[in-house]
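*Asks:*
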Amino acid sequence: MASLNVGNLGEYLREQRRQAQLSLRQLADAAGVSNPYLSQIERGLRKPSADILQQLAKALRISAETLYVQAGILDERDRDEVETRAVILADPSIGEQQKHVLLQIYESFRKENAAEAQAQAQARAEADADADGSGGAVAADGSDGTEGSGGPDADDAQTHHTN
């Protein structure tokens, strides 16, 4: 499969159209746009709306989000998730139902991992708060203020008391 990191939206659309083995006219008809307009988009002369991108994505059987990222509509931070979805949706070796199920599983894993990461972050924050509020401060002599803490004079004090 060709790289998803193509220079601009027009080149990306052209690559996707060719991978789908569609002519410019076929894609324009399937997406409900004019042939000249699609040609202008592919050549970088026009910037299509989100609605047009969605129509093109549907006709190409790819994720609309992928086109939104290429067009600069969707934030770059979401790119990994979008590209993963696009690869799944573009895979001709699996059926539509299989793609749908795979995307559901993928999303459930992402939600589970996000919830786990949030719980861990909250637990760390609570542990830090407990440590700060429960005498975690260090005394002026470098000890933590507990008996037998091993401060600089701890050995001398013990030896004087045993004589």
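Residues in the sequence shown are numbered consecutively from 88, following our numbering. Just so it is clear, CB atoms sit at the ideal spot from N, CA and C, and this is done for glycine as well.
1) Report the rounded CA-to-CA distance for Leu109 versus Asp167, giving the unit in angstroms.
2) Is the segment 150-158 in contact with the segment 168-176, if contact means three or more CB pairs nearer than 8 angstroms?
3) When you compare only the Cα positions, how much space is there between Tyr193 and Gly131?
4) What are the start and end residues of each continuous alpha helix (DSSP H) run of 4 or more residues lying completely inside the segment 152-186, in chain order?
5) Can you look up Ile139 in the DSSP assignment and give me helix, strand or coil?
6) For Arg148 and Ala218, I'd like the C-alpha separation in whole angstroms.
7) Keeping to the same chain, check which residues put their C-beta closer than 6 angstroms to that of Pro157; ignore five residues upstream and five downstream.
8) Just to confirm the assignment, what range does the alpha helix (DSSP H) spanning Leu132 have?
9) Ser126 and Leu111 look like a contact to me (Cβ under 8 angstroms); what is the Cβ gap, rounded to whole Å?
10) Count the other C-beta atoms from every protein chain shown that fall within 10 angstroms of the C-beta of Arg197, then say buried if there are 16 or more, exposed otherwise.
11) Just confirm the distance between the C-beta atoms of Ala118 and Ala146, as a whole number of angstroms; I'd bet it's less than 8 angstroms.
12) In whole angstroms, give me the CA-to-CA distance for Gly222 and Ala208.
*Replies:* Quick answer:
1) 27 angstroms
2) yes
3) 33 angstroms
4) 166-177
5) helix
6) Cα to Cα, Arg148 sits roughly 53 angstroms from Ala218.
7) First, the residue type needs correcting, since residue 157 is Gln and not Pro in the sequence shown. The residues are Leu96 and Tyr99.
8) Segment: none, Leu132 is in no alpha helix (DSSP H) and carries neither H nor E.
9) 6 angstroms
10) exposed
11) 4 angstroms
12) With a pLDDT of 49 at Gly222, under the threshold of 50, the modelled position of this residue cannot be trusted, and the question is left open.
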